[in-house]
Structures are given as structure tokens and as C-alpha cells.
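Inspection log for the structure reproduced underneath, given as C-alpha cells.
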Amino acid sequence: MPYSKKIQKFYQNLGKLFYAIAAIDNTIREEEVQMLKNIIKDKWLPLDDFSDTHGTDSAYQIEIVFDWLEEQQAEPNRCFDAFKEFKKEHDSLFPIAIKELIWNTAEAIASSFAGKNKSEVILLAKLKLLLKE
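Below is the structure:
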């Protein structure tokens, strides 16, 4: 797989992860979506210069996949598992700085509306373990 395709898949899988974090409590709040959009703009877009076939920054794949999964009402645990598989297969795409950014993004989404609930705390704990691997 060409590196640019891997990067696109990387961002798509981040969309799955962040969707899982937002949707695990069966409700995606506007605050969670807004928080994700702000973090994509402020933190993920400046990371690299990769673009998709339409010339759009690859980091926008996070938002595109998130929106599509929300529309499909995808099952959050399946999305988390898909991210987990991708990480295991492409561990080289996850240096410490990226792991920290993933963690900070997930934490911000979960905290953006009235703090974290039990299902979010459980999923964040799974993510923390996964990022330590």
C-alpha cells in the first residue's frame, strides 16, 4: 500500500475511533462534534501535507468518516475494534506524539459535554491500554 494511501486510512480510522468515543453513550452531542472539528482544525491539519485525490487535506478524513458513521448509526464498539486492528497492523504510524494527540482528542471529546459518563470512561480506559502497546 502506498504511504499516502496508508495516511488516508490512518485518518479514516481516527474518524472511527473518535466516533466511537462520541457515540458510546448512544448520543452524539453537538458539543462533541464541535470539539472534534476544532481539534482537527487546530491540531490535526497542521501535522502533515498529505491530501486525498480531491486535493483535500487528508486530516479531514477524520470528520468525513465521523459524519458518515453518525449518519449510518454505526455500532461504536465495532468502530473502536476497527481502529484497534488498524493500529496493530500499522504500529509505525503511531509514534508517541501521535498517541498523545489521539489521547488528548479522545479525552476532549468525552469531556466536552457534562463530563465523562461510565461508558466513555470504560472506552477511554481501553484506548489508554491500546496506546501503551
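Numbering-wise (the working numbering), the sequence shown opens with residue 157 and increments by one. A virtual CB, placed ideally from N, CA and C, is assigned to each residue, including glycine.
Item	Value
Any idea what DSSP makes of Asp181, helix, strand or coil?	coil
Going by Cα to Cα distance, which pick from Leu257, Ser275, Asp181 is closest to Glu226?	Asp181
Within the 7 angstroms Cβ cut-off, does Gly171 reach chain B?	Of the chains in the structure shown, none is chain B; there is only one protein chain.
Just to check my reading of the structure: Trp259 and Lys284 have Cβ atoms closer than 8 angstroms, yes? What is that Cβ distance to the nearest angstrom?	7 angstroms
What is the C-beta distance between Ile218 and Phe174, in whole angstroms, given that I count them as a contact (C-beta under 8 angstroms)?	6 angstroms
Assuming contact is defined by CB atoms lying nearer than 7 angstroms, are Phe269 and Glu187 in contact in what I supplied?	yes
Taking the alpha-carbon positions, what's the Arg234 to Thr261 distance?	19 angstroms
To the nearest angstrom, how far is it from the Cα of Lys199 to the Cα of Glu256?	11 angstroms
Tell me Ser160's beta-bridge partners as DSSP assigns them.	BP columns for Ser160 are empty, so no partner.
Within 10 angstroms of its Cβ, does Pro158 collect 16 or more other Cβ (buried), or is it exposed?	exposed
Just reading off the alpha helix (DSSP H) that Glu302 is part of, what are its end residues?	No information on residue 302 is available, as it lies outside the stretch 157 to 289 that the chain covers here.
Is DSSP giving Asp198 helix, strand or coil here?	helix
So, with DSSP's three-state summary, where would you put Ser268?	coil
According to DSSP, what are the bridge partners of Asp213?	Ser207
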